[in-house]
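In the numbering used here, the protein residues as written are 232 to 611.
Idealized CB from N, CA, C, for every residue including glycine.
All values reported here derive from a predicted model rather than from experimental measurement.
Worksheet: the structure to be examined is printed underneath.
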């Protein structure tokens, strides 16, 4: 409250000494050498009273310390000093909060400024999120350590964005991890085989890791926009792997290579068509100048390209090496069907040899009759 501010007037007026020498280390506060980097009404009022006296700001009696001798005189002096209608300290009017018609001083604000916390990345100047987080946390710790002053708290409009930088990493790992876990559970429930579900889920996880790598190569930073798209990429990339994995499970036989080949033959074109249609849906956005749309389209394009490569190239190879056994109701392999049909035809010939010979004789007789008729018809 106002009385505490008045009692701590000397310490508050000398607040610049507490924030000096912090420009090159956390909290990275600029040196308080000008009004643009440090603005404190208590400092300004003390300097004014020391040089000009109180004649123009109420004419109250000043004590040996250069301040009004009581709280009421202090309020009157501060009111006249920060009067927006020509007071010598009118620039501080927006930094003061009072109750009623200057009945009490509720709070006041000290304006400080951070040094510019940026870094250069591939020729572009970007915010240095790690140092900004350090600056925010160090500022809060510094203000909390001022136990000899009345309670205060630091605030900056940039703290909202910096708070996002602070938790975005943990949010990314947690949300992507939960999404992949959910995908694994759903795939297991739909396919019904633990090993197949595990392979498909790991295939999706590898795809997400590669998307993150390409994002770094393309200069896409981790922020709220890109993190949302990464979580969406989990749901998009599973589509290209789940169909191939399920088709592999319904193909019978003992050869994993043959089953993987048949799965690609049956589902490969459909998966590829789905990938192409999804890519064309976001292709036009690649030329957008909007950061949100450009980031969205780039990440979607990466998801489609990497997802289809994992689904049509990597997953069949893994399944051909360590893929699980087919379902009990799986369809028989195609080569086995053709061999079985050939064997059955040979067996039929072995059981009915006379019928086969008679059939051949009939065919020969039929051919000779046709030739004879042809010869007769050709006579003049």
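Residue i, enclosing alpha helix (DSSP H) - first and last residue
i	result
residue 467	455-480
residue 262	Residue 262 -> no alpha helix (DSSP H), and no H or E assigned at all.
residue 410	390-422
residue 428	425-449
residue 329	Run containing residue 329: none in the alpha helix (DSSP H); it sits in the beta strand (DSSP E), 327-330.
residue 528	522-540
residue 562	Counting along the chain, residue 562 falls outside any alpha helix (DSSP H), and DSSP gives it neither H nor E.
residue 238	233-238
Alpha-carbon to alpha-carbon, residue j and residue i
i	j	result
residue 547	residue 430	10 Å
residue 470	residue 354	38 Å
residue 528	residue 506	14 Å
residue 543	residue 447	25 Å
residue 414	residue 331	60 Å
residue 514	residue 449	17 Å
residue 350	residue 434	35 Å
residue 372	residue 389	17 Å
residue 574	residue 564	Summary for residue 574: the model assigns pLDDT 48, below 50, so the residue's position carries little reliability; its value from the coordinates is reported in the next sentence. Cα-Cα distance, rounded: 16 Å.
residue 289	residue 368	41 Å
residue 364	residue 397	6 Å
residue 568	residue 556	Interpretation of residue 568 is limited by its pLDDT of 48, a score under 50 that renders its predicted location unreliable; no figure is taken from the coordinates.
residue 482	residue 445	35 Å
residue 295	residue 250	27 Å
residue 287	residue 237	20 Å
residue 496	residue 489	10 Å
residue 417	residue 492	25 Å
residue 512	residue 259	46 Å
residue 516	residue 320	53 Å
residue 409	residue 549	24 Å
residue 269	residue 323	12 Å
residue 358	residue 379	35 Å
residue 362	residue 348	7 Å
residue 386	residue 521	30 Å
residue 315	residue 242	26 Å
residue 405	residue 500	34 Å
Nearest-angstrom Cβ-Cβ length linking residue i and residue j, presumed shorter than 8 Å
i	j	result
residue 464	residue 478	With 8 Å as the limit, residue 464 and residue 478 do not qualify as a contact, their Cβ atoms being about 23 Å apart.
residue 341	residue 271	5 Å
residue 285	residue 300	At roughly 11 Å, the Cβ-Cβ gap does not stay under 8 Å, so residue 285 and residue 300 are not in contact.
residue 403	residue 453	6 Å
Contact set for residue i: own chain, Cβ-Cβ below 7 Å, skip 5 residues either direction
i	result
residue 245	none
residue 318	311, 312
residue 333	306, 310
residue 425	419
residue 267	344
residue 578	Low local confidence applies: a pLDDT of 47 at residue 578 is under 50, so the model's placement there is unreliable, with the coordinate-based value given in what follows. The answer is none, since no qualifying residue turns up.
residue 257	365, 366, 369
residue 584	At residue 584 the pLDDT is 47, less than 50, meaning the model places this residue with poor confidence; the figure from the coordinates comes in the next sentence. Once the five neighbours on either side are set aside, residue 584 has no close Cβ partner at all.
When the options are compared against residue i, the one with the closest alpha-carbon
i	options	result
residue 487	551, 300, 308, 234	551
residue 335	234, 537, 472	234
residue 394	378, 366, 376	366
residue 456	501, 475, 525, 535	525
residue 339	563, 436, 432, 274	274
residue 647	378, 374, 391	A question about residue 647 goes unanswered here, because the residues of the chain that appear run from 232 up to 611.
residue 537	436, 516, 251, 484	436
residue 442	458, 232, 323	458
residue 422	314, 533, 370, 559	559
residue 303	517, 291, 386	291
residue 428	397, 386, 405, 476	476
residue 343	326, 357, 358	326
residue 240	492, 257, 277	277
residue 498	520, 473, 521, 516	473
residue 377	248, 522, 451, 264	248
residue 540	504, 523, 517, 516	504
residue 264	256, 520, 252	252
residue 554	348, 518, 562, 480	480
residue 562	502, 432, 484	484
residue 545	432, 405, 356	432
6 Å CB neighbourhood of residue i in its chain, flanking five on each side removed
i	result
residue 262	254
residue 530	460
residue 381	235
residue 297	280, 281
residue 535	506, 509, 510
residue 392	none
Same chain, Cβ closer than 8 Å to residue i, five either side skipped, listed in chain order
i	result
residue 439	407, 411, 461, 464, 465, 468
residue 337	232, 233, 328, 329, 330
residue 352	450
residue 400	453
residue 293	280, 284, 285, 299, 300
Run of the beta strand (DSSP E) containing residue i, from where it starts to where it stops
i	result
residue 345	Unbroken run through residue 345: none, as it is neither H nor E.
residue 357	355-358
residue 304	Counting along the chain, residue 304 falls outside any beta strand (DSSP E), though it belongs to the alpha helix (DSSP H) covering 302-312.
residue 338	335-339
residue 549	Where residue 549 is concerned, there is no enclosing beta strand (DSSP E), although the alpha helix (DSSP H) it sits in stretches over 546-553.
residue 515	From DSSP, residue 515 is part of no beta strand (DSSP E); its letter is neither H nor E.
is_contact[residue i, chain D] using C-beta, thresh 8 Å
i	result
residue 344	Any reference to chain D falls outside this structure, which holds one protein chain only.
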